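A.B. asks:
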Amino acid sequence: MNLKTSLLGACSALVIAAVSGGLAQAETLTIATVNNGDMVRMQTLTDDFTKANPDIQLEWVTLEENVLRERVTTDIATKGGQYDVLTIGTYEVPIWAKQNWLLPLDNLGADYDVDDLLPAIRSGLTADGKLYAAPFYGESSMVMYRKDLIEKAGLTMPDAPTWDFINDAARKMTDRANGINGICLRGKAGWGENMAFLTATSNAFGARWFDENWKPQFDQPEWKNTLEMYVKLMNDAGPQGASSNGFNENLALFQQGKCGMWIDATVAASFVTNPKDSTVADKVGFALAPDTGLGKRGNWLWAWNLAIPAGTQKAEAAEKFVSWATSKHYLDLVAAKEGWANVPPGTRSSLYANADYQKAAPFAKMTLESINAADPKNPSTKPVPYVGVQFVAIPEFQSLGTTVGQLFSAALAGQMSVDDALAQAQTATTREMTRGGYIK
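Count the sequence shown with mature numbering (1 follows the signal peptide of the UniProt record, and there is no 0) and you get residues -26 to -1, 1 to 414, in order.
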């Protein structure tokens, strides 16, 4: 009996081991992503990936922008290992690569064509000659406006407007009795929300976060000019509750016909011109981000990217997914399902050479011009010690930008004056930069 029992036990162990081995082949990738339209659409198309890779299953964690940044940063810094693929921005990639928190993307496949990635976008995702994230979509910022409302106001939108023109047009287009705000701009606090817009805008006013010696500059007139203009403009011509509005909230307002103008990410162009979602799809025009005549426009440079954390146990499967989601094949897939106008923009040179895309996307030329015009190494009219147009590429910026963003959002909401917001921003930033050893 003992021998028989032993043999049966051994056989059972072999069966269990075989079954377990089989199950182990079906890996589940946990993907953290942002709740933007292009990412949400990607989740509806992943059958294309899983059919080609039946041994890989996908689990999505879709979060609002500020929440995504907080959770992903905490997880990777603490080596929590919750995620196998991360959606992160141009800000994080070089910083996290330097910390050895990301795996280099060395095996995206023979037909991936890394050299097709737009140089302006690719350079921000590269460290020591290696690509550490693949761009899902790239963007700058521009003016989206209602052609009918501009005409009704007796104005003609220039291709390259000034802030004086934008201010005048916004006030003339405002018709609150009919629910129309002249302009919608980000007010929601966050380093990647209101501070992305305000930092890029401040460049056009000659402002900068720090001088060449890392001394904060919020006590300088250029920042006061920026913030005063913004708060007054939004009070006169912006929507109610603007201090709670980020990208998605303003997108919804514009699509519902409640904004005369919206200055924001170029990626929004396909959403505001899509008749399935936008009530004003056939009335939208585009212009470059405004300037003040000092030589810099307020257009930023950003990409939402897919990256693989160094702590994952599923790196090979993760890289297969990253390759699929950022490939030429994926662009063709979206075009076949949704039309060329709706493919993720701003990543590949071949897209902008594609006649079908040019015909379907009236915003294509201006998007590419805006991306190529952004200069992360010289963002302001004055010299700076940092890289970044709408952010400062240092680890401390994530916290600093959020703190300053909360102050500026409070000024917009009328909870403090512009002068108080700037004074507190100066104090908080000086304290953190001294603590970080930037200021001696």
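Virtual Cβ for every residue (Gly too), placed ideally from N, Cα, C. From a predicted model like this one, the values you see are computed outputs, not experimental measurements.
Is residue -6 buried or exposed, if buried means 16 or more other CB atoms sit within 10 Å of its CB?
C.D. replies: With a pLDDT of 42 at residue -6, under the threshold of 50, the modelled position of that residue is not reliable, and the figure given next carries that caveat. Label assigned to residue -6: exposed.
A.B. asks: Go through its chain and collect everything with a Cβ distance to residue 334's Cβ below 7 Å, but skip five positions before and after it.
C.D. replies: Only 313, 314 and 315 meet the Cβ criterion.
A.B. asks: Under a Cβ-count criterion, where at least 16 other Cβ atoms within 10 Å of its own Cβ denotes burial, should residue 405 be classed as buried or exposed?
C.D. replies: Residue 405 is exposed by the Cβ-count criterion.
A.B. asks: Under the DSSP definition of a beta bridge, which residues are partnered with residue 30?
C.D. replies: Per DSSP, 1.
A.B. asks: At the level of alpha carbons, what is the spacing between residue 366 and residue 183?
C.D. replies: When rounded, the distance between both Cα atoms is 8 Å.
A.B. asks: What's the gap between the Cα of residue 199 and the Cα of residue 259?
C.D. replies: Taking the straight line joining both Cα atoms gives about 28 Å.
A.B. asks: At 3 residues or longer, what runs of the beta strand (DSSP E) sit wholly inside the region 151 to 223?
C.D. replies: List check, beta strand (DSSP E) in window: nothing returned.
A.B. asks: Please go through the same chain and pick out, in chain order, the residues whose beta-carbon is closer than 8 Å to the beta-carbon of residue 126, but skip the five residues on each side of it.
C.D. replies: Within the same chain, residue 126 has close Cβ partners 147.
A.B. asks: Using the C-alpha atoms, what's the distance from residue 150 back to residue 58?
C.D. replies: About 47 Å.
A.B. asks: Using the rule of at least 16 other Cβ atoms within 10 Å of the residue's Cβ for burial, across every protein chain shown, is residue -23 buried or exposed?
C.D. replies: Because residue -23 sits at a pLDDT of 43, beneath the cut-off of 50, its placement in the model cannot be relied upon, and the following sentence gives the value as read from the coordinates. By the 10 Å Cβ count, residue -23 comes out exposed.
A.B. asks: Is it buried or exposed, residue 411, if we count other Cβ atoms within 10 angstroms and call 16 or more buried?
C.D. replies: Result: exposed.
A.B. asks: Below 8 Å on the Cβ atoms is my guess for residue 264 versus residue 137; work out the distance and round it to an integer in Å.
C.D. replies: The Cβ separation is near 5 Å, so the contact holds.
A.B. asks: Which runs of the beta strand (DSSP E) fall wholly inside the region 276 to 314 and span at least 3 residues, in chain order?
C.D. replies: Counting whole runs of 3 or more residues, the region 276 to 314 contains the beta strand (DSSP E) stretches 276 to 281.
A.B. asks: Determine the contact status of residue 420 and residue 67, defining contact as a CB-CB distance below 8 Å.
C.D. replies: In this structure the chain extends from -26 to 414, so residue 420 is not present and cannot be described.
A.B. asks: Taking C-beta to C-beta, are residue 156 and residue 211 nearer than 8 Å?
C.D. replies: It is a contact, given that the beta carbons lie within the stated cut-off.
A.B. asks: If you drop the 5 nearest sequence neighbours on each side, which residues of the same chain put their C-beta closer than 8 Å to that of residue 13?
C.D. replies: These residues qualify, in order along the chain: 7, 36, 61, 110 and 278.
A.B. asks: For a quick check, are the C-beta atoms of residue 162 and residue 383 less than 8 Å apart?
C.D. replies: In contact: residue 162 and residue 383 (Cβ atoms closer than 8 Å).
A.B. asks: Please report the Cβ distance between residue 307 and residue 22, rounded to the nearest whole angstrom; I am assuming they are in contact, meaning their Cβ atoms lie under 8 Å.
C.D. replies: Confirmed, Cβ separation roughly 6 Å.
A.B. asks: How is the alpha helix (DSSP H) around residue 262 delimited, first residue to last?
C.D. replies: First-last for residue 262: 258 to 262, but that is the beta strand (DSSP E), not the alpha helix (DSSP H).
A.B. asks: Please look up how many angstroms separate the CB atoms of residue 229 and residue 252, rounded, as I've assumed it's under 8 Å.
C.D. replies: Correct: roughly 4 Å between the Cβ atoms.
A.B. asks: Roughly how many whole angstroms lie between the Cα atoms of residue 19 and residue 294?
C.D. replies: So the alpha carbons of these two residues sit roughly 15 Å apart.
A.B. asks: So residue 363 and residue 350 are in contact, right, with Cβ under 8 Å, and what is the actual spacing, rounded?
C.D. replies: Right, the Cβ-Cβ distance comes to about 5 Å (below 8 Å), so this counts as a contact.
A.B. asks: Quick one: Cα of residue 47 to Cα of residue 372, how far?
C.D. replies: Computed Cα separation, rounded: 10 Å.
A.B. asks: Quick one: what does DSSP say residue 237 is sitting in, helix, strand or coil?
C.D. replies: Three-state DSSP puts residue 237 in a strand.
A.B. asks: Beta carbon of residue 179, beta carbon of residue 266: below 8 Å?
C.D. replies: Going by C-beta atoms, residue 179 is nearer than 8 Å to residue 266.
A.B. asks: Closest to residue 319 by C-alpha separation, out of 115, 52 and 43, would be which residue?
C.D. replies: Nearest C-alpha to residue 319: 115.
A.B. asks: Does DSSP put residue 22 in a helix, a strand or coil?
C.D. replies: Reduced to three states, the DSSP call for residue 22 is helix.
A.B. asks: Can you round the beta-carbon distance between residue 261 and residue 119 to whole angstroms, since I take them to be within the 8 Å contact cut?
C.D. replies: Indeed they touch by this definition, with Cβ atoms about 7 Å apart.
A.B. asks: What are the start and end residues of the beta strand (DSSP E) that includes residue 62?
C.D. replies: Per DSSP, residue 62 belongs to the beta strand (DSSP E) from 59 to 63.
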